[in-house]
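Colleague: Dropping the structure in here first, questions after.
Number of protein chains: 2
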Amino acid sequence: MHARRPTIDDVARHSGVGRTTVSRVLNDGPNVRPEVRDRVWASVRSLNYSVNPQARSLASGSSGLIALVFASDLEAQPNSFYTSALELGALRECLVQGRHLLTHHVPQDSPDRKRQVLDLIRAQRCQGLVLTPPFSDDPELVTAAAAQCAVALISPAPATRGLADGVGVDDEAGGYDVARHLLALGHRDFAYITGLESHLSAARRLEGVRRAVSSHGLDPAAVRVLAGDFTFRSGVEHTRRLLGEATPPTAILCANDDTAAGALSVAHGLHLSVPADLSITGFDDTPMSEIVWPPLTTVHQPLKDMAGLAVNALARRLTGDGDGPRFETVPHKVIVRESSGPPGAG
Amino acid sequence: MHARRPTIDDVARHSGVGRTTVSRVLNDGPNVRPEVRDRVWASVRSLNYSVNPQARSLASGSSGLIALVFASDLEAQPNSFYTSALELGALRECLVQGRHLLTHHVPQDSPDRKRQVLDLIRAQRCQGLVLTPPFSDDPELVTAAAAQCAVALISPAPATRGLADGVGVDDEAGGYDVARHLLALGHRDFAYITGLESHLSAARRLEGVRRAVSSHGLDPAAVRVLAGDFTFRSGVEHTRRLLGEATPPTAILCANDDTAAGALSVAHGLHLSVPADLSITGFDDTPMSEIVWPPLTTVHQPLKDMAGLAVNALARRLTGDGDGPRFETVPHKVIVRESSGPPGAG
DNA sequence: ATGAAAGCGCTAACAG
DNA sequence: CTGTTAGCGCTTTCAT
Chain H
60 MHARRPTIDD
70 VARHSGVGRT
80 TVSRVLNDGP
90 NVRPEVRDRV
100 WASVRSLNYS
110 VNPQARSLAS
120 GSSGLIALVF
130 ASDLEAQPNS
140 FYTSALELGA
150 LRECLVQGRH
160 LLTHHVPQDS
170 PDRKRQVLDL
180 IRAQRCQGLV
190 LTPPFSDDPE
200 LVTAAAAQCA
210 VALISPAPAT
220 RGLADGVGVD
230 DEAGGYDVAR
240 HLLALGHRDF
250 AYITGLESHL
260 SAARRLEGVR
270 RAVSSHGLDP
280 AAVRVLAGDF
290 TFRSGVEHTR
300 RLLGEATPPT
310 AILCANDDTA
320 AGALSVAHGL
330 HLSVPADLSI
340 TGFDDTPMSE
350 IVWPPLTTVH
360 QPLKDMAGLA
370 VNALARRLTG
380 DGDGPRFETV
390 PHKVIVRESS
400 GPPGAG
Chain Z
60 MHARRPTIDD
70 VARHSGVGRT
80 TVSRVLNDGP
90 NVRPEVRDRV
100 WASVRSLNYS
110 VNPQARSLAS
120 GSSGLIALVF
130 ASDLEAQPNS
140 FYTSALELGA
150 LRECLVQGRH
160 LLTHHVPQDS
170 PDRKRQVLDL
180 IRAQRCQGLV
190 LTPPFSDDPE
200 LVTAAAAQCA
210 VALISPAPAT
220 RGLADGVGVD
230 DEAGGYDVAR
240 HLLALGHRDF
250 AYITGLESHL
260 SAARRLEGVR
270 RAVSSHGLDP
280 AAVRVLAGDF
290 TFRSGVEHTR
300 RLLGEATPPT
310 AILCANDDTA
320 AGALSVAHGL
330 HLSVPADLSI
340 TGFDDTPMSE
350 IVWPPLTTVH
360 QPLKDMAGLA
370 VNALARRLTG
380 DGDGPRFETV
390 PHKVIVRESS
400 GPPGAG
């Protein structure tokens, strides 16, 4: 397909220095005269040289690889916006850090998911792992992974926060805040469609909702809770059921935007007007919340930043920052759009 | 973090054979007695050995890397569903082929996008490249890339089909088919919101629409054409303008689902009912088309399969299949949902 | 059918 | 500041 690529020795010869010096220049090492440095870079450009990453990894014993692991199925495209946002954020930070990103999708429910993750580290020689929910909630998995390489967690449960670095919003507060928003609008009768129960971060959102309800002097047990799974479909099914009841809730809070979109869809099908007849809220503030009609009131989560911070934490760790595991809370924000309003306006 | 990993020599010693034999077993090579083969595999398992991919690449001179290149910005998440589908399809086939996928996002409008793509090949030692639109339409880029490594194109324009392998639906026929669907419903007055003009595959959809209109005895020049860019936003803006005209069209065809979602959103904002007052169609059949209300009539494109076939073509090429460039047409299908119906029903 | 030897291109001590 | 010397773990001739 093409001629032999120039090697580091070609550059050394071309610029009249030793191979080690070229290596130093390439790696921004110390102890090289500026003059020589320039000469070497000139040779690099003129020969159109670029280091062979495989050779570098082998020699340095460091692959530079970071894996981003999602719990999903290769067949499905669950929460495309959610995963894309994380991936983009991770990719960008990897670029900055001079590392490479491997994206991996591991079946949610696979019994040997732990094995699959560990195999990924082993087989690819990954040096860092970004674990997303619900993997980031699993102390056993996190412990096993952390024994093999650096680990950073997206939205980890409190139980795993001591085991590895982590980034996330205060999910409980996020739930509390949306619920307060609805209470302020006058709502008193709520339903909450949860995410998969294994995703603890989403479960904490419900706790926040309950706290808000309590703080308003209402009975938190009166919040109807339905077990969803983050999908559009689960939003559809549960909302259909809820709206078939004798006294449907006036507001449905959903564990994420996809679920809320499903709820919205059912409301339309029944010719209800949102928010006059029913308020609906999501979580995440993915682009989906602006795409549906009416645009969703939701809780913003800075997903790209979170992934970037996770990669950054890994990079720090890999270059020898020896602190204990640190959890970084990033700010969330209730974004009020048109899917929420005062109840009974219809 | 952990002890030294076992190397091929450890396995050789453990199973009492030479290093070369182990390598043969690992690579399914010939000339190994079944008995020995079994013994080696047993050692591999018992030592929990796995090959070091970096060392293998270096020694064999083959990285096993395939890059999937998107024209987009790291900041934006354009067509998340579209890119996710392609990525998932490519990932799955890479798994089958024992190769690794590198996903790359190159700024659309970057003047040195060609350089960026070529640098990717050079710097990462990629052996194969999957190019998506509009990169797959650019003969200069494709030619330059094909000189460096194997290339496969997603939805290439006719002009690039002779330069590398390609996969895609018949876009012209897709446009024709949706338009026929609307004509059959009784529509006579159309608007078409295009994608970026550099994406030739989307432009061919418009040609198909025009052909359908002509074949119905209507003037194809009467189709109002608006220059969009595949985004939700462009759907919003153009639809707002269209519906402000004295005689708005009865049907708006969009270059993709995102744009159609934007059109839908405007219709809702104006309290028009879809499809009674206005029919709207998309293209791609991403999950978005089922998420919006009403669900979109659209043209299905088997994106995951397309990406898989592209990777497969690369793999064949890399293992020495010396045919000329082959373009594979995959089937499209009009999916009729509720965003299209007879005009004037409102 | 198997093994010995020679690198792949690079980084990393260690000498100067 | 700079070069010399060893490998990193694997595949690949080439003998046997």
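Just so you know, the protein sequences line up as chains H and Z, in that order. All you need for the working numbering is the position in the first sequence, starting with 1, plus 59. All you need for the working numbering is the position in the second sequence, starting with 1, plus 59. Where a beta carbon is used, it is the ideal one built from N, C-alpha and C, also for glycine. Nothing here was measured: the structure is a model prediction, and the numbers come from that model.
Kindly provide the ranges of any alpha helix (DSSP H) runs that are 4 or more residues long and lie completely inside the stretch 122-156 of chain H, ordered along the chain.
Modeller: Fully enclosed alpha helix (DSSP H) runs of 4 or longer: 139-156.
Colleague: First and last residue of the beta strand (DSSP E) that includes Gly227/H?
Modeller: Its beta strand (DSSP E) spans residues Asp224 to Gly227.
Colleague: Any residues in the stretch 174-206 of chain H with a beta carbon nearer than 7 Å to a beta carbon of chain Z? Which ones, in chain order?
Modeller: Correct list: Arg181, Ala182, Gln183, Arg184 and Ala206.
Colleague: Using DSSP with H/G/I as helix, E/B as strand and the rest coil, what is Asp343/H?
Modeller: It is a strand residue.
Colleague: Report yes if the CB atom of Gly267/Z is closer than 8 Å to the CB atom of Ala238/Z, and no otherwise.
Modeller: Their beta carbons are under 8 Å apart, which means Gly267/Z touches Ala238/Z by this criterion.
Colleague: What distance in whole Å lies between the Cβ atoms of Thr290/Z and Ile311/Z, which are believed to be in contact at a cut-off of 8 Å?
Modeller: About 15 Å; that fails the 8 Å criterion.
Colleague: Output yes if chain H places a C-beta closer than 8 Å to the C-beta of Thr162/Z; else output no.
Modeller: Yes - at least one Cβ of chain H is within 8 Å of the one on Thr162/Z.
Colleague: By the 10 Å Cβ neighbour count, where 16 or more other Cβ atoms means buried, how is Asp348/Z classified, buried or exposed?
Modeller: Reading the sequence as shown, one finds Ser at residue 348/Z and not Asp. Answer is buried; the Cβ neighbour count reaches 16.
Colleague: Name, please, each residue of chain H whose Cβ falls closer than 9 Å to the Cβ of Phe291/Z.
Modeller: Here the neighbours are Pro346, Glu349 and Ile350.
Colleague: Gln175/Z to Arg264/H, Cα distance in whole Å?
Modeller: One C-alpha to the other measures close to 43 Å.
Colleague: Between the stretch 307-327 of chain Z and chain H, which residues of the former have CB atoms less than 9 Å from a CB of the latter, in chain order?
Modeller: Within the stretch 307-327 of chain Z, the qualifying residues are Asp317, Ala320, Gly321, Leu323, Ser324, Ala326 and His327.
Colleague: For Val111/Z, go through chain H and note every residue whose CB falls closer than 8 Å to its CB, in chain order.
Modeller: Reading the sequence as shown, one finds Asn at residue 111/Z and not Val. Within 8 Å Cβ-Cβ: Leu117 and Arg184.
Colleague: Quick check on Val176/H: does DSSP put it in helix, strand or coil?
Modeller: Reduced to three states, the DSSP call for Val176/H is helix.
Colleague: With a threshold of 8 Å between beta-carbons, can Ala374/H be considered close to chain Z, or not?
Modeller: For Ala374/H, the answer is no, since every Cβ of chain Z falls outside 8 Å of its Cβ.
Colleague: Cβ atoms of Ser398/H and Val333/H: under 8 Å apart, would you say?
Modeller: Going by C-beta atoms, Val333/H is nearer than 8 Å to Ser398/H.
Colleague: Need the endpoints of the beta strand (DSSP E) that Glu387/Z sits in, please.
Modeller: Note, Glu387/Z: beta strand (DSSP E), Phe386 to Thr388.
Colleague: Determine the direct distance from the alpha carbon of Pro401/Z to that of Leu147/H, and round the result to whole angstroms.
Modeller: Whole-angstrom Cα-Cα distance: 42 Å.
Colleague: So is Leu85/Z in contact with chain H if we call contact Cβ pairs under 8 Å?
Modeller: Not closer than 8 Å to any Cβ of chain H, the Cβ of Leu85/Z fails to qualify, so no.
Colleague: So what does Lys363/H bridge to, in DSSP terms?
Modeller: Answer is none; Lys363/H lacks a bridge partner.
Colleague: Are the C-beta atoms of Leu150/H and some chain Z residue less than 8 Å apart?
Modeller: Interface residue, yes.
Colleague: For Ala250/H, report the span of its beta strand (DSSP E) as first-last.
Modeller: Per DSSP, Ala250/H belongs to the beta strand (DSSP E) from Phe249 to Ile252.
Colleague: Residue range of the alpha helix (DSSP H) that Leu331/H falls in?
Modeller: It is not in any alpha helix (DSSP H) - Leu331/H carries neither H nor E in the DSSP assignment.
Colleague: How would you label Leu329/H, buried or exposed, when you count the other beta carbons within 10 angstroms and need 16 or more for buried?
Modeller: So Leu329/H ends up on the exposed side.
Colleague: Using only the alpha-carbon positions, how far apart do Ser122/H and Arg92/Z sit?
Modeller: Those two C-alpha atoms are separated by around 35 Å.
Colleague: Listing by chain order, which chain H residues have their CB less than 7 Å from the CB of Ser338/Z?
Modeller: Within 7 Å Cβ-Cβ: nothing; Ser338/Z doesn't reach chain H, min ~16 Å.
Colleague: For the beta strand (DSSP E) that contains Thr162/H, what are its first and last residues?
Modeller: That run of the beta strand (DSSP E) goes His159 to Val165.
Colleague: Under a three-way DSSP split, which group does Val358/H fall into?
Modeller: Three-state DSSP puts Val358/H in a strand.
Colleague: Please decide whether Ser105/Z counts as near chain H, where near means a Cβ-Cβ distance under 8 Å.
Modeller: Taking Cβ atoms only, chain H never reaches closer than 8 Å to Ser105/Z, which makes this a no.
Colleague: Is the beta carbon of Ile125/Z less than 8 Å from the beta carbon of Arg158/Z?
Modeller: Yes, the Cβ-Cβ distance between Ile125/Z and Arg158/Z is below 8 Å.
Colleague: Can you say whether Ala209/Z is buried or exposed, counting buried as having 16 or more other CB atoms within 10 angstroms of its CB?
Modeller: So Ala209/Z ends up on the buried side.
Colleague: What did DSSP end up calling Arg283/Z once you bin it into helix, strand or coil?
Modeller: Strand at Arg283/Z.
Colleague: To the nearest whole angstrom, what separates the beta carbons of Leu212/Z and Ser195/Z, a pair I think is in contact under 8 Å?
Modeller: About 4 Å; that satisfies the 8 Å criterion.
Colleague: Ala435/Z CB to nearest chain H CB: under 8 Å?
Modeller: Any property of residue 435/Z remains undetermined from this structure, which presents chain Z solely from 60 to 405.
Colleague: At which residues does the beta strand (DSSP E) containing Val84/Z begin and terminate?
Modeller: Careful: Val84/Z lies outside any beta strand (DSSP E), inside the alpha helix (DSSP H) at Arg78 to Leu85.
Colleague: Report the partner residues of Val110/Z according to the DSSP bridge assignment.
Modeller: According to DSSP, Val110/Z bridges with nothing at all.
Colleague: Assuming contact is defined by CB atoms lying nearer than 8 Å, are Leu285/Z and Thr253/Z in contact in what I supplied?
Modeller: Yes.
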